[in-house]
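**Student:**
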Amino acid sequence: MAVAATSAPSGLPVPRGSDHTYPSENESSVSISVKEIVSGHQTTNGKNENLLIVSPYDEEPHLLDLRTLDSANQILAQALTGLKCLRDDYATAPYVEIFNWAEVIESIRKQVTTSNFDWKENSFYIVVFRSRIPTTTVYADLGALDKAAHAEATKSGGFLKYWFGSPDGSGRNLATCVWRCLQDAKVGSVGEAHRQAAGAARQLYTEWKIERLRLLIKDDAKEWEINQWVD
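Read in order, the letters of the sequence shown correspond to residues 1 to 231 in the UniProt record's numbering.
1. Compute the beta-carbon to beta-carbon distance between N122 and A72, rounded to the nearest angstrom, for a pair I have assumed lies under 8 Å.
2. Given R126, which residues of its chain have a CB within under 6 Å of its CB, disregarding the five upstream and five downstream residues?
3. Please say whether R202 and R172 have beta carbons closer to each other than 9 Å?
4. Rank K222, Q228, D231 and N227 by C-alpha distance to the C-alpha of D118 and give the top, closest one.
5. Below 8 Å on the Cβ atoms is my guess for I53 versus L69; work out the distance and round it to an integer in Å.
6. Which whole runs of the beta strand (DSSP E) in the stretch 89-172 are 3 residues long or more, in chain order?
7. Buried or exposed: D231, going by 16 or more other Cβ atoms within 10 Å of its Cβ?
8. Can you name the residues that DSSP bridges to D186?
9. Whose CA, out of W163, A185 and F164, lies closest to the CA of K155?
10. Identify, in the order they occur along the chain, each residue of the same chain with its Cβ nearer than 8 Å to the Cβ of L80, setting aside the five sequence neighbours on each side.
11. Can V104 be considered in contact with the ligand GTP, in the sense that its beta carbon sits closer than 8 Å to one or more heavy atoms?
12. Candidates H150, C85 and R132: which alpha carbon is nearest P61's?
13. Would you mind working out which of A148, C181, G143 and K147 sits nearest G158, comparing C-alpha positions?
14. Quick one: give me the first and last residue of the beta strand (DSSP E) that I226 is part of.
15. Cβ of I133 within 9 Å of Cβ of L145?
16. Taking 9 Å as the threshold (C-beta atoms), are A91 and P167 in contact?
17. For E60, which of helix, strand or coil comes out of DSSP?
18. Determine the DSSP secondary structure at R67, reduced to helix, strand or coil.
19. Am I right that L76 and F124 are in contact with their C-beta atoms under 8 Å? What's the rounded C-beta distance?
20. Sort out for me which residues DSSP pairs L216 with in a bridge.
21. May I ask you to report which of helix, strand or coil DSSP gives N48?
Below you can see the structure in the form of structure tokens.
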């Protein structure tokens with residue numbers, strides 16, 4: 001099941017993880033120009049600064065509309081555009097050690113200072129999907145399911161970040177999502193694209209494991225932690 005609250009994002013194999021920028025599959029129909037602007041976030045074609053690239057998919061149905069978020073979630077989403085993988089063994093490493101979370105939080109602090117925003121303690125919902133893909137899996141099929149589910153989840157709202165890596169030598173991989181809240185994740189995982197992905201999961205993976213985590217960012221973004229999600 002791709003990009004879901006209690007299900008598995010389908011990890012399309014790509015070089016070295018999805019903190020890279022990828023071209024559109026059909027550049028003649030969708031023209032996306034990725035650039036950094038003063039506020040530090042990425043825009044569509046340099047014209048609509050409200051649309052943020054938050055995944056490896058840069059076509060418009062996959063972009064996050066910042067106008068749908070409150071200020072705190074806008075700030076976090078912009079900071080998460082700088083999320084980068086730090087380890088080659090991300091498929092099996094402890095989650096907190098995989099990414100540059102300290103830099104993401106520092107970006108939040110800078111935005112808070114620049115905008116004079118009063119950041120209050122807030123928590124966000126993270127899904128981690130660890131998987132193993134057999135050699136028989138057709139990656140094109142996996143990618144098509146994932147992409148459709150991502151567009152569906154983006155449309156539902158509150159989907160702040162999606163990252164996935166490429167399988168290691170034994171077929172193990174990791175994908176992760178950051179959501180505004182648990183409820184958004186639940187709503188974003190009930191559509192037809194997710195049902196199709198769920199139906200194909202047993203054929204696409206030999207094993208998978210889902211972790212639910214809470215990203216807690218305290219007042220003024222001075223402290224943060226990532227812990228197990230407890231309902």
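Quick reminder that beta carbons are idealized off the backbone N, C-alpha and C, glycines included.
**Tutor:** Let's see:
1. Taking the sequence shown and counting its residues from 1, the one referred to as residue 122 is at position 122. Taking the sequence shown and counting its residues from 1, the one referred to as residue 72 is at position 72. Right, the Cβ-Cβ distance comes to about 5 Å (below 8 Å), so this counts as a contact.
2. Mapped onto the sequence shown, residue 126 falls at position 126. Residue 126 is actually Ile in this sequence, not Arg. Contacts found: V178, L213 and L215.
3. Sequence index remark: in the sequence shown, residue 172 carries index 172 (1-based). Sequence index remark: in the sequence shown, residue 202 carries index 202 (1-based). Not in contact: R172 and R202 (Cβ atoms no closer than 9 Å).
4. Here the question's residue 118 lines up with position 118 in the sequence shown. Of K222, Q228, D231 and N227, the residue nearest in Cα terms is K222.
5. In the sequence shown, residue 53 corresponds to position 53, counting from 1. In the sequence shown, residue 69 corresponds to position 69, counting from 1. Not a contact, Cβ separation roughly 15 Å.
6. 122-132 and 159-164
7. On the sequence shown, residue 231 is found 231 positions in, with the first residue counted as 1. With fewer than 16 other Cβ atoms within 10 Å, it is exposed.
8. Your numbering for residue 186 matches position 186 in the sequence shown. Checking the sequence, you will find Lys at residue 186 rather than Asp. Note: K186 sits in no beta bridge, so no partner.
9. What you label residue 155 is simply residue 155 of the sequence shown in a count that begins at 1. Among W163, A185 and F164, the Cα nearest to that of K155 is on A185.
10. Residue mapping note: residue 80 aligns to position 80 of the sequence shown, counting from 1. Here the set comprises V54, V104, L160, K161 and V178.
11. Looking at this structure, you won't find the ligand GTP or any other ligand, since it has none at all.
12. On the sequence shown, residue 61 is found 61 positions in, with the first residue counted as 1. Answer by Cα proximity: H150.
13. Here residue 158 is taken as the residue at index 158 of the sequence shown, counted from 1. Selected option, being the one with the closest Cα: C181.
14. Looking up residue 226 in the sequence shown gives position 226. Looking at the DSSP string, the run of the beta strand (DSSP E) that includes I226 is W224 to Q228.
15. As a position in the sequence shown, residue 133 is number 133, starting the count at 1. As a position in the sequence shown, residue 145 is number 145, starting the count at 1. No, these two residues do not count as a Cβ contact at 9 Å.
16. The sequence position of residue 167 within the sequence shown is 167, counting from 1. The sequence position of residue 91 within the sequence shown is 91, counting from 1. Closer than 9 Å, so yes.
17. Numbered from its first residue, the sequence shown carries residue 60 at position 60. Note: E60 maps to helix in three-state DSSP.
18. Your numbering for residue 67 matches position 67 in the sequence shown. Reduced to three states, the DSSP call for R67 is helix.
19. In the sequence shown, counting from the first residue as 1, residue 76 sits at position 76. In the sequence shown, counting from the first residue as 1, residue 124 sits at position 124. That belief holds up - the Cβ atoms of L76 and F124 are roughly 7 Å apart, short of 8 Å.
20. Position 216 of the sequence shown, counted from the start, is the residue given in the question as residue 216. In DSSP, L216 forms a bridge with S123 and E225.
21. Here residue 48 refers to the residue found at position 48 when the sequence shown is read from its first residue. Strand at N48.
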